[in-house]
Amino acid sequence: MSAITRDEVAHLARLSRLALADDELDHFAAQLDQIVGAVARVAEVAADDIPPSSHALPLANVFRPDDVRPGLTPEGALSGAPAVEDDRFRVPRILGEEE
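Basically our numbering = 1-based index in the sequence shown + 35.
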């Protein structure tokens with residue numbers, strides 16, 4: 036028996052403001068039922084002697100060192116800009132902003 040009914044999918048669709056056809060309700064009910072089943076199988080495997088983890092392998096800090104490196108100069112950053120004004124990118128005015 037399916038854990039997720041067609042009526043529950045229709046209710047979720049209404050809450051999400053999604054318009055679903057009748058065949059979609061049946062299709063999504065079957066898919067959601069498979070998802071719920073997969074989550075239930077994972078819950079069966081979970082044991083009290085296994086600590087929760089965020090990664091399958093025990094990893095320490097895997098980030099690179101934060102080394103200072105030279106960046107772009109203002110001239111280099113602006114060299115490919117179509118328009119420049121006062122060492123800044125010039126872009127079209129939007130939303131009727133005042134000067």
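From the three backbone atoms N, C-alpha and C, an ideal C-beta is built for every residue, glycine too.
The structure presented is a predicted model; accordingly, all values stated were derived computationally and were not measured.
Annotated three-state conformation of Val80 is helix, per DSSP. The three-state reading of DSSP puts Arg52 in coil, since its state is none of H, G, I, E or B. One alpha carbon belongs to Gly72, the other to Phe63, and they sit about 14 Å apart. In this structure, the alpha-carbon of Glu43 lies about 18 Å from that of Val74. Sorting Ile39, Ala91, Glu120 by C-alpha distance to the C-alpha of Ile70 places Ile39 at the top.
Excluding the 5 residues flanking it on each side, Leu67 has same chain C-beta neighbours closer than 7 Å at Ile39, Val44, in chain order. Counting only the Cα atoms, Leu107 lies some 20 Å from Pro100.
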